[in-house]
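Inspection log for the structure reproduced underneath, given as structure tokens.
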């Protein structure tokens, strides 16, 4: 149901964009106003979200360590998994941001296919009460990590390749990226590896939610919406590059018009391009308000970016107010005569 | 507390990166508008309609390459019945005499590096480079 509803939502967006690109009076709305507004919402929305996070107090450290913390000199400490220095935190963050370290630890719970043997102890040393039952086991689950890595890195490369449309003349390093990406020179225009990787990764990430009943149960409307939106975006781009040829020169004129604040919508830009442009605009505008904002959030995860110095250093809550205390010495002074009369020992005679 | 300055700096960096094309366009004095392509003066029509050539000339060229290299068919009949000799340097460049002012203008503008010229030569450029 969720999957269907978000598919309908993305289809409506595609249809709207197609109409916007076909009706002459709407072309400037969908070609200029929508993308400009989307970029503005993206930048302002993301800045507002990050500012809100920055102003949220983090009174104590939640290091969620995956390694031995630093204690006695003869206990080997893990400086990346449980960092106590700034360098360790930086390395841990880099591993998280660039290689999705925590997703690499992903596990999957499943019941064993075969029941534990009824007689005797099994290989795992199962307790007698567990005999004849199936066992819950946790296995490594690396496919999600692999697909996520393939998707994010390909998306970055595709994004950088698109710089050829907004910079004139296109920078040499963008050409170099495109040359490496199209290294195999399959067909004309050459097939980009990242296009294939992107579609394969997105396909896996969608199927993963659709096929496994447990993940399907956990999947929300917005999980599917983001996936369909991205598939629509990448799909329209791939179709334009390899199948329905748009007028690339006219598209660059439109893009350059946007970055130089002299917007034009050339007549030869096909409605197909408007679908691509509108989907990317929706993605940008949707970004700050959705789970996609993890792009910024990953840098601010308290469990990743704080050093595990809970025991090494004394962390005083900066907004502690002075607490009125009544020490033992004061208490003894208060009841000195009574304590003495009862014959009880005193700290200060 | 002092983390806020780091976060603010990162936000500024993010803003600069997102709007980089705009600043670059300002700095380089870019102007909107397409490439300045020199069209041939002596011929009025290409082998296919201009709309097709503008978007899909690479399909035609690659099919020409495959016809010549793999099937040894050196002629090609256009939809209007005209028979052309299949040759990049001989047929295309006969009218579009200046590769630098025709092919390269659009390709450079769109950031496309076709590998035609890995093997083919531009006869005009060779003639110019001879003393």
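Protein chains in written order, with the working numbering: chain A, 1 to 349; chain B, 350 to 480. Beta carbons: idealized from backbone N, C-alpha and C, even for Gly.
So, does the CB of residue 396(B) fall closer than 9 Å to a CB anywhere in chain A?
The C-beta of residue 396(B) comes no closer than 9 Å to any C-beta of chain A.
Of the residues that make up the stretch 438-468 of chain B, which ones have a beta carbon closer than 8 Å to any beta carbon in chain A?
Going along the stretch 438-468 of chain B in chain order, one finds 455, 457, 458, 459, 460, 461, 462, 463, 464 with a Cβ nearer than 8 Å to chain A.
How many Å lie between residue 212(A) and residue 107(A) at the Cα?
The straight-line gap from Cα to Cα measures roughly 15 Å.
With 8 Å as the limit, tell me which residues of the stretch 157-169 of chain A have their beta carbon closer than that to any beta carbon of chain B; keep them in chain order.
For the stretch 157-169 of chain A, the set of residues with a beta-carbon nearer than 8 Å to any beta-carbon of chain B comprises 163, 164, 165, 166, 167, 168, 169, in chain order.
At least one CB of chain A closer than 9 Å to the CB of residue 368(B): is that the case?
Chain A contact via Cβ: present.
Is residue 321(A) helix, strand or coil when you go by DSSP?
In the three-state scheme derived from DSSP, where H, G and I count as helix and E and B as strand, residue 321(A) is classed as coil.
Determine, using beta carbons only, whether residue 433(B) comes closer than 9 Å to chain A.
Contact of residue 433(B) with chain A is not assigned, every C-beta pair being separated by 9 Å or more.
Hey, would you say residue 78(A) sits closer than 9 Å to residue 224(A), going by beta carbons?
Not closer than 9 Å, so no.
List the residues of chain B that residue 357(A) touches, going by C-beta distances under 7 Å, in chain order.
Here chain A comprises residues numbered 1 to 349, so residue 357(A) is not present and cannot be evaluated.
Within 8 Å, do at least three Cβ pairs link the stretch 316-333 of chain A to the stretch 242-252 of chain A?
Below 8 Å, too few C-beta pairs join the stretch 242-252 of chain A and the stretch 316-333 of chain A to call them touching: fewer than three.
Which same chain residues end up closer than 7 Å to residue 356(B) when comparing Cβ atoms and leaving out the 5 residues on each side of it in sequence?
Closer than 7 Å at Cβ, skipping near neighbours: no residue.
Quick one: any contact between the stretch 48-62 of chain A and the stretch 268-281 of chain A, if contact means 3 or more CB pairs under 8 Å?
Judged by Cβ distances under 8 Å, the stretch 48-62 of chain A makes no contact with the stretch 268-281 of chain A, as fewer than three pairs qualify.
Which of the three DSSP states, helix, strand or coil, is assigned to residue 138(A)?
Of the three classes helix, strand and coil, the one that applies to residue 138(A) here is strand, per DSSP.
Does chain B have any CB closer than 9 Å to the CB of residue 33(A)?
With 9 Å as the cut-off, residue 33(A) does not count as an interface residue toward chain B.
Which one of 166(A), 202(A), 181(A) has the shortest CA to CA distance from residue 146(A)?
Out of 166(A), 202(A), 181(A), 202(A) has the C-alpha closest to the C-alpha of residue 146(A).
Looking at the C-beta of residue 371(B), does it have a partner C-beta in chain A at a distance below 9 Å?
By this cut-off, residue 371(B) is an interface position.
Could you spell out the range, first to last residue, of the alpha helix (DSSP H) harbouring residue 222(A)?
For residue 222(A), the enclosing alpha helix (DSSP H) begins and ends at 221-242.
Starting from the C-beta of residue 259(A), find all residues in its chain whose C-beta is less than 6 Å away, skip the five residues before and the five after it, and write them out in chain order.
Counting only residues of its own chain and dropping the five nearest sequence neighbours on each side, residue 259(A) has a CB closer than 6 Å to the CB of 166.
Which term fits residue 460(B), buried or exposed, when burial requires 16 or more other beta carbons within 10 angstroms of its beta carbon?
Answer is buried; the Cβ neighbour count reaches 16.
Report the three-state DSSP secondary structure of residue 558(B) (helix, strand or coil).
Since the first and last residues shown for chain B are 350 and 480, residue 558(B) lies out of range.
According to DSSP, residue 111(A) sits in a beta bridge with which residue or residues?
DSSP lists 136(A) as the bridge partner or partners of residue 111(A).
Quick one: give me the first and last residue of the beta strand (DSSP E) that residue 425(B) is part of.
It spans 424-426 - the beta strand (DSSP E) in which residue 425(B) sits, taken as one unbroken run.
Residue ranges of each alpha helix (DSSP H) run of no fewer than 4 residues wholly in the stretch 151-235 of chain A, ordered along the chain?
Whole alpha helix (DSSP H) segments, 4+ residues: 163-166, 172-181, 193-211, 213-218.
Between the Cα of residue 371(B) and the Cα atoms of 93(A), 227(A), 261(A), which residue gives the shortest distance?
Per the Cα distances, 261(A).
Is residue 27(A) near residue 272(A), with beta carbons less than 9 Å apart?
Against a cut-off of 9 Å, the Cβ pair of residue 272(A) and residue 27(A) comes out as no contact.
Contact check, residue 244(A) vs residue 270(A), beta carbons under 9 Å:
For the pair residue 244(A) and residue 270(A), the CB atoms are nearer than the 9 Å cut-off.
Spell out whether any CB of chain B is found under 9 Å from the CB atom of residue 46(A).
When Cβ-Cβ separations below 9 Å define contact, residue 46(A) makes contact with chain B.
Residue 216(A) to residue 162(A) span [Cα, whole Å]:
Approximately 34 Å between the Cα atoms of the pair.
Hey, is residue 388(B)'s beta-carbon within less than 9 Å of any beta-carbon in chain A?
Taking Cβ atoms only, chain A never reaches closer than 9 Å to residue 388(B), which makes this a no.
9 Å Cβ cut-off: residues of chain B touching residue 246(A):
Result: 404.
Where in the stretch 56-115 of chain A do unbroken runs of the alpha helix (DSSP H), each at least 4 residues long, occur, reported from the N-terminal end onward?
Taking only runs of at least 4 residues, the alpha helix (DSSP H) segments lying wholly in the stretch 56-115 of chain A are 86-99, 101-104.
DSSP three-state label for residue 327(A), please.
Residue 327(A): coil per DSSP, three-state reduction.
Can you tell me whether residue 96(A) is buried or exposed? The criterion is at least 16 other CB atoms within 10 Å of its CB, across all chains shown.
Classification of residue 96(A): buried, given that the 10 Å Cβ count is 16 or more.
Are residue 102(A) and residue 304(A) closer than 9 Å when you measure CB to CB?
Contact flag set, yes.
According to DSSP, is residue 43(A) part of a helix, a strand, or is it coil?
Of the three classes helix, strand and coil, the one that applies to residue 43(A) here is helix, per DSSP.
Beta-carbon contacts of residue 405(B) that lie in its chain and below 7 Å, excluding the five residues immediately before and after
Nothing listed; no residue qualifies.
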